[in-house]
Each structure stands twice: as C-alpha cells, then as structure tokens.
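Heads up: the sequence shown begins at 9 in UniProt numbering, then just goes up one per residue.
Ideal Cβ placement from N, Cα and C applies to all residues, glycine included.
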Amino acid sequence: NASNAASRGAFIVMEGMDRAGKTTQVGKLRHTLEEQGHKVKTIRFPDRTTPMGTMIDGYLQSKTEMADHAIHLLFSANRWEKAAWIKEQISQGYMILCDRYYYSGMVYSAAKKNPALSLEWARTPDVGLPRPDRVIFLDLNAAEAEKRGGYGEEKYEKREMQENARELFLGLAGRGEESSDMVVIDAGHSVEQVASAIWDEVMKVVKAVETVPRRELSV
Ligand code: NYM
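Here's what the structure looks like:
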C-alpha cells in the first residue's frame, strides 16, 4: 500500500570489475546518504562470514576445488541466506548498499566459458531474490585495472577471465530486467568524479522508491 511504499528504503547494488573502486564508492555513498538523513546498511557478496561463505572463501583462495556448477550454486545460496534480512531492512526504511550481487554471480561463472554453464542458466537460481532498485556498474578495462596495482592472488583475478567478465557485464545492459536496472559509469576518472556520477543516479532512485514498490527478480 501507499504508506508502506512511502517509507521503504532503496536497494542499491554496486557492481564492477575487480579494482574498479566498488568498496571505496560504497563507503562514500554511505557517507553522502547519511549526511542527507537516510538510514543506511552496507553488505557485500560473497558474505564470507557464514558457513557457506567460508566454503566460498576456501574456493577463491584455491584451498579447495569445486565443480563450476557447485560453486555457482553456493554463491547463489550465500545470497539466499541474506534475502529475508534484506527485505526486512528495506521495509524498515534502511537504504541497503550492496557490494556485488547476482550480476557478479552470472558473469563470473559464465566467464569460465564452460559450455554447460550459460549466462541464462547462471541467473536461474537467483530468481525470486530481492530485485535491486538500481545496479551501478563501475566500468574499468583490464589494462586500467592492472595499472591500479594489478590483481590479487584469488581465483578469477587473471586478465582473460577479467576481460570475459567485463564483456558479459556490459552485455547485461541489453538483457531484460537488467537493462532497466543497470547503469554503466566510467570508473576511469577520479574518485570524486565517479562519486558524483553515482550520486546523480542514486538521487533519482531515492525519489523513485517513494512510489515504486519493492520487487523480486523474475525469469
Ligand atoms: N564472485 C562474486 C563470483 O564469482 N560469484 C558471485 O556470485 C560473487 C558475488 O568472487 N572475483 C567473484 C567475484 C570476485 C570474487 O569478490 C570475490 P570480492 O568482491 O573480491 O570479495
């Protein structure tokens, strides 16, 4: 009903390549929203603090091996663990800022180019999760990312994987629900310039949630 819609928070997702500055920008956005009097909570995926998150962490650090489909489902289950909490917080009026979400889920799994693991297959286990009000994709090409200090030691932090993932991310801008939720921001500028471009988008969302009800991902 209208009074619920008026008081709910927004669900904002920050996506992007490794090294694009997601964590920095989530912190800045939190600060700006709080200055404007909003209640904010930040989360990140993978959430490595849960038992499933511990398994994901072991995989990313190459301590354990897992089949492509199995690790994919674990990343998704790790989001499902938090789904009820996200809905609850939004309905209590919190702005949820989320560092990575199912876009990373689809894209990094599909970037492995396993012929049995398509982008469409990868999206399926996430259907029904809270749908973001806006997904900000911080775009940075692999060469720029490497200039920022290169990649770490974790799985997927290799040039080819990153290039595949970026191409898939950008392709989501033309796919169904993602095309209306996602905005691409060039992360190759200064921290302040990127923060200001993000704020321009978030301002619109903060206004829009007053009239738009919360939704779930659909097929
Ligand atoms: N990642 C992240 C996935 O492969 N699937 C997912 O569903 C999510 C949320 O985990 N390289 C990958 C992307 C990153 C890695 O993320 C760890 P971070 O933000 O470095 O903790």
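Legend entry - Continuous alpha helix (DSSP H) stretch holding residue 32: start and end: 30 to 43
Here's a check: name, in chain order, each residue in its chain whose Cβ is nearer than 7 Å to the Cβ of residue 198, leaving out the five neighbours to either side. none
Q.
To the nearest angstrom, how far is the alpha carbon of residue 75 from that of residue 57?
A. 22 Å
Does DSSP put residue 115 in a helix, a strand or coil?
helix
_Could you give the first and the last residue of the continuous beta strand (DSSP E) run that contains residue 49?_
From DSSP, the beta strand (DSSP E) with residue 49 extends over 48 to 52.
Could you pull out every residue in the same chain whose Cβ sits closer than 8 Å to the Cβ of residue 217, ignoring the five residues on either side in sequence?
13, 16, 17, 18, 141
Which parts of the segment 52 to 82 are runs of the beta strand (DSSP E), unbroken and 3 residues or longer, counting only runs that do not cross its ends? none
Close-in-space but distant-in-sequence residues of the same chain around residue 151 (CB under 7 Å, 5 per side omitted):
none
* Asked: Is the Cβ-Cβ distance between residue 106 and residue 227 less than 8 Å?
  -> no
| One or two residues paired with residue 224 in a DSSP bridge | 138
Worksheet item: Would the beta-carbon of residue 165 be found less than 7 Å away from any heavy atom of ligand 1?
Response: yes
Please classify residue 10: does DSSP put it in a helix, a strand, or coil? Legend: pLDDT at residue 10 = 41, less than 50; position of this residue unreliable, no value from coordinates given.
My output table needs one value for residue 24: the three-state DSSP class, helix, strand or coil. strand
Point to revise | residue 217, enclosing beta strand (DSSP E) - first and last residue | key: No residue range can be given for residue 217, since it is assigned to no beta strand (DSSP E) and is classified by DSSP as neither H nor E.
- Straight-line Cα distance separating residue 154 from residue 196: 12 Å
**Report entry** C-alpha distance - residue 27 paired with residue 222, whole-angstrom precision
**Finding:** Roughly 30 Å separates the two Cα atoms.
Do the CB positions of residue 86 and residue 61 come within less than 8 Å of each other?
yes
8 Å is my cut-off, CB to CB: does residue 28 come that close to chain C? Note that chain C does not occur in the displayed structure, where there is just one protein chain.
Exercise. Hey, quick one: how far does the alpha helix (DSSP H) through residue 176 stretch, first residue to last?
Worked result: 167 to 180
Practice problem: Mind reading off the beta-carbon distance from residue 209 to residue 112? Whole number of angstroms is fine, and I expect it under 8 Å. | Solution: At roughly 19 Å, the Cβ-Cβ gap does not stay under 8 Å, so residue 209 and residue 112 are not in contact.
query = Nearest to residue 225 by alpha carbon, out of 120, 204, 135?
reply = Considering only alpha carbons, the answer is 135.
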